[in-house]
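Colleague:
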Amino acid sequence: MADLKRTALIAQVLPDIRAIDKVFDYVVPESMAPEVRVGTMVRIRLAGRRVGGWVVGLSDTSAAGERKLEPIAKVTGWGPPADLIDLAGWAAWRWAGRRSTFLATASPPGAVRGLPPGRPSPAPQPGGLSVVRMPPATDPYDLVAETAGRGPTLVLAPSADQAVRLAVRLRGDGQAVALASRDWARAAAGGVTVVGSRAAAWAPLPDLSAVVALDVHDEAYTEERTPSWNGWRVAAERARRAGVPCLLTSPCPPIELQDVETVALSRTEERAGWPVVDVVDRRRDDPRTGLYSERLVQRLRSGGRTVCVLNRKGRAKLLACAACGALARCERCGAAVEQTEEGLRCRQCLLVRPVLCAACGSQKLKTLRAGVTRVREELEALAGVPVAEITGDTKEPVPEAPVVVGTEAVLHRVPAPVDTVAFLDFDQELLAPRFRATEQALALIVRAARLVGGRSGGGRVLIQTRLPKHEVVEAALHADPARIWPVERERRAALRFPPYAALAVVSGDAAPAFVAALPGTVDALGPDDGRWLVRAPSTKPLCDALAATPRPSGGRLRIEVDPVRL
DNA sequence: CGGACAAGCTGA
DNA sequence: CAGCTTGTCCGG
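Take the position in the first sequence, starting the count at 1, then add 970; the result is the number in this note's numbering.
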């Protein structure tokens, strides 16, 4: 006699709770069976309370043994498709995170009960990873439009507003486009190109035909919170798994991509896409001219719109007594003091004291290292025109002043076009104690180049430096970003930094126990300020080691794989 | 995460 | 030894 009792369908559910990275089995009631697929979002009872979760697997047997299983309480709606459930598993390994973090990013912003009709799409053409080196002033739109024209493409841009602009242009050209994550259901239905920023790497796209990620040198692709995943790397892995082409564009591709097949324009075309660079060698200048070379003053007075960049906020970051020459330091801890509205403030312990020399009592101090606020006052006097100030903290809209001075934020805030961008103290960028300083410095010039445009438009980038032969300066001057690589390769190899090693920073109160339990395949350096640097020869052994090490229960543990800075 | 339960600390 | 805090474990 046939067994009348049909085997029940069992769903493996990953709860949407940060701290739980474990799947639980639930019975799928027959009424729900048609709606439950891998990726479906459900509500379940777990330890007595109702929580959300994702179906990450379906089977007809349970690992829970003889125990009677709870049924799924409710089907919430559509969730990340099966390929993204797998990708979340990979990302959890790659960035030492939890699957739920990635699935949350891959999920729709609200419950999706049904999908609109999808559109048919052509069969994708196979392809691999390539880098397109596209100079700053070249518009990548044609590349995007052409790729999207061949089939549903995942298009990533570093910022949300660039993504919106791209989506609008593509739509204007009659292409079917979904903007992540707003148009989640339309993307999930298929047949459309999806455009978005970092998180769009997790957008549903059932019939992916290609990936394009613009400006992959941009650090905005890296999530600041842990897990510190990177959008273009996720998208590239997706393309790899789907066997479709992945195009990464950048005027200055990161050194990690040095071995990837690269498409570059001809020398003439690439040069045309970079602005004229004025290198102002300040080695012979009178130190009393401070941050203002003769050539800078000429540009300021020339009447064009000028943006000056100085990555130091405030009035003065380093002062000395004008009378006796002593450095102004904190009387409590000895650290350098900076000038603020209230007086001299210690940069370490924040103790405030009046503006006078601790050594001789003189009230006359001179600025050794000026900040943006002071520079604004001085530029106004020098140029004889109104000068506005912008830093990361500035909330107001960008003022109309002919000259604007600010920290790096000014390059994000001031709209193009601008006639000149001047880096007042570029050595600060070149010599920054960060292992990516060279690439970051070149990326700053790229930002500046976007504001002034290519060389035919007459835009100029003025670089004040005492290192006029530095490879970054040469790269910008010759519009040849690969010039930074030979030096950078040697430096990175000697110091065992990426791409010649893979790094992770481990911190938090559970860090000591975690680091102690790491296998011998990785080295751990530290602690330095409560942080350990974990290093392996490459990504795989690093991530394998991090994944194989149990996380101490209780206590916070922060693991930042591929740290942007150390 | 949050509840359950166990092991340690305090107080009369 | 009750009553409470603190820590560890585990959920289907």
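C-beta: ideal position from N, C-alpha, C; glycine also. Here the structure is a predicted model, which means the values were calculated and not measured.
Helix or strand or just coil, what does DSSP make of Arg1461?
Modeller: Working through the first sequence from its first residue, we reach residue 1461 at position 491. Three-state result, Arg1461: helix.
Colleague: Would you please state the rounded distance, in angstroms, between the beta carbons of Val1186 and Thr1238? I believe it to be under 8 Å.
Modeller: Numbered from 1 along the first sequence, position 216 holds the residue referred to as residue 1186. Numbered from 1 along the first sequence, position 268 holds the residue referred to as residue 1238. 24 Å between Cβ atoms; not a contact.
Colleague: Could you check the C-alpha separation between Pro1087 and Thr1163 for me, to the nearest Å?
Modeller: Here residue 1087 refers to the residue found at position 117 of the first sequence. Here residue 1163 refers to the residue found at position 193 of the first sequence. Cα to Cα, the separation comes out at about 15 Å.
Colleague: Residue ranges of each beta strand (DSSP E) run of no fewer than 3 residues wholly in the region 1033-1091, ordered along the chain?
Modeller: Fully enclosed beta strand (DSSP E) runs of 3 or longer: 1044-1047.
Colleague: Can you tell me whether Pro1122 is buried or exposed? The criterion is at least 16 other CB atoms within 10 Å of its CB, across all chains shown.
Modeller: If you number the first sequence from 1, residue 1122 lands on position 152. With 16 or more Cβ atoms within 10 Å of its Cβ, Pro1122 is classed as buried.
Colleague: What are the complete alpha helix (DSSP H) segments, minimum 4 residues, inside the region 1469-1535?
Modeller: The region 1469-1535 contains these whole alpha helix (DSSP H) runs: 1481-1486, 1509-1518.
Colleague: Measure the CB-CB distance between Trp1065 and Val1531 and report whether it falls below 9 Å.
Modeller: In the first sequence, the residue the question calls residue 1065 occupies position 95. In the first sequence, the residue the question calls residue 1531 occupies position 561. Contact: yes.
Colleague: According to DSSP, Arg956 sits in a beta bridge with which residue or residues?
Modeller: The chain is shown only over 971 to 1536; residue 956 falls outside these bounds and no answer can be derived.
Colleague: For Arg1271 and Ala1212, which I take to be in contact (beta-carbon distance under 8 Å), what is that distance rounded to the nearest angstrom?
Modeller: For the purposes of this step, residue 1271 is taken as the residue at position 301 of the first sequence. For the purposes of this step, residue 1212 is taken as the residue at position 242 of the first sequence. Not really, about 56 Å apart at Cβ, beyond 8 Å.
Colleague: Roughly how many angstroms separate the alpha carbons of Pro1004 and Arg1526, rounded to a whole number?
Modeller: Along the first sequence, read from residue 1 onward, the residue named residue 1004 stands at position 34. Along the first sequence, read from residue 1 onward, the residue named residue 1526 stands at position 556. For Pro1004 and Arg1526, the distance between alpha carbons rounds to 41 Å.
Colleague: Measuring straight from C-alpha to C-alpha, what distance separates Arg1299 and Cys1291?
Modeller: Position 329 of the first sequence holds residue 1299. Position 321 of the first sequence holds residue 1291. The alpha-carbon atoms of Arg1299 and Cys1291 are separated by roughly 10 Å.
Colleague: Does the region 1222-1242 come into contact with the region 1101-1108, if we say contact requires no fewer than three beta-carbon pairs (one atom in each stretch) closer than 8 Å?
Modeller: These segments touch.
Colleague: Quick check for students: name the residue ranges of the alpha helix (DSSP H) that lie wholly in the region 1339-1427, counting only runs of 4 or more.
Modeller: Segments of the alpha helix (DSSP H) lying fully in the region 1339-1427: 1342-1353, 1379-1383, 1397-1400, 1407-1422.
Colleague: Count the other CB atoms within 10 Å of the CB of Gln1089; is the residue buried (16 or more) or exposed (fewer)?
Modeller: Numbered from 1 along the first sequence, position 119 holds the residue referred to as residue 1089. Reading the sequence as shown, one finds Arg at residue 1089 and not Gln. By the neighbour-count rule (16 or more Cβ atoms within 10 Å), Arg1089 is not buried but exposed.
Colleague: What span of residues does the alpha helix (DSSP H) with Ala1134 cover, start to end?
Modeller: Walking along the first sequence from the start, residue 1134 turns up at place 164. Residue identity differs from the one stated: residue 1134 is Val in this sequence, not Ala. Note, Val1134: alpha helix (DSSP H), 1130-1142.
Colleague: Can you tell me where the beta strand (DSSP E) holding Val1247 begins and where it ends?
Modeller: Translated into positions along the first sequence, residue 1247 becomes position 277. First-last of the beta strand (DSSP E) with Val1247: 1246-1251.
Colleague: Could you check the C-alpha separation between Val1249 and Gly1260 for me, to the nearest Å?
Modeller: Counted from its first residue, the first sequence places residue 1249 at position 279. Counted from its first residue, the first sequence places residue 1260 at position 290. Taking the straight line joining both Cα atoms gives about 16 Å.
Colleague: Taking the C-alpha atoms as reference points, what is the distance between Gly1427 and Gln1434?
Modeller: Within the first sequence, residue 1427 is the residue found at index 457, counting from 1. Within the first sequence, residue 1434 is the residue found at index 464, counting from 1. Near 22 Å, if we compare the C-alpha coordinates of Gln1434 and Gly1427.
Colleague: Can you list, in chain order, the residues of its chain whose CB lies under 8 Å from that of Ala1407, leaving out five sequence neighbours each side?
Modeller: Counting from one through the first sequence, the residue named residue 1407 turns up at place 437. Within the same chain, Ala1407 has close Cβ partners Glu1399, Leu1400, Leu1401.
Colleague: Below 9 Å between beta carbons: does that hold for Val1045 and Val1021?
Modeller: Locating residue 1045 in the first sequence gives position 75, where the first residue counts as 1. Locating residue 1021 in the first sequence gives position 51, where the first residue counts as 1. Taking 9 Å as the Cβ cut-off, Val1045 and Val1021 do not qualify as a contacting pair.
Colleague: Among Glu1458, Val1138, Arg1258, Glu1301, which has the Cα closest to the Cα of Val1322?
Modeller: Numbered from 1 along the first sequence, position 352 holds the residue referred to as residue 1322. The shortest Cα separation from Val1322 among Glu1458, Val1138, Arg1258, Glu1301 belongs to Glu1301.
Colleague: Starting from Gly1166 and walking both ways along the beta strand (DSSP E), at which residues does that stretch end?
Modeller: One-based indexing of the first sequence puts residue 1166 at position 196. Where Gly1166 is concerned, the enclosing beta strand (DSSP E) stretches over 1163-1166.
Colleague: Could you check if Ala1411 is buried or exposed, using at least 16 other CB atoms within 10 Å of its CB as the buried criterion?
Modeller: The sequence position of residue 1411 within the first sequence is 441, counting from 1. Ala1411 is buried by the Cβ-count criterion.
Colleague: Counting only runs that start and end within the region 1173-1229, where is the beta strand (DSSP E) found for 3 or more residues in a row?
Modeller: Counting whole runs of 3 or more residues, the region 1173-1229 contains the beta strand (DSSP E) stretches 1180-1183, 1216-1220.
Colleague: Name the DSSP beta bridge partners of Tyr1111, please?
Modeller: The sequence position of residue 1111 within the first sequence is 141, counting from 1. Tyr1111 is not bridged to any residue.
Colleague: Pull up the CB-CB distance for Leu1580 and Ala1058, whole angstroms please, since I reckon it's below 8 Å.
Modeller: Since the first residue shown for the chain is 971 and the last is 1536, residue 1580 is missing from the structure and cannot be characterised.
Colleague: Output yes or no for whether 9 Å exceeds the beta carbon distance between Ala1449 and Trp1202.
Modeller: Here residue 1449 is taken as the residue at index 479 of the first sequence, counted from 1. Here residue 1202 is taken as the residue at index 232 of the first sequence, counted from 1. Not in contact: Ala1449 and Trp1202 (Cβ atoms no closer than 9 Å).
Colleague: DSSP three-state label for Ala990, please.
Modeller: Position 20 of the first sequence, counted from the start, is the residue given in the question as residue 990. In the sequence on display, residue 990 carries Ile and not Ala. Residue state, collapsed to three classes: coil.
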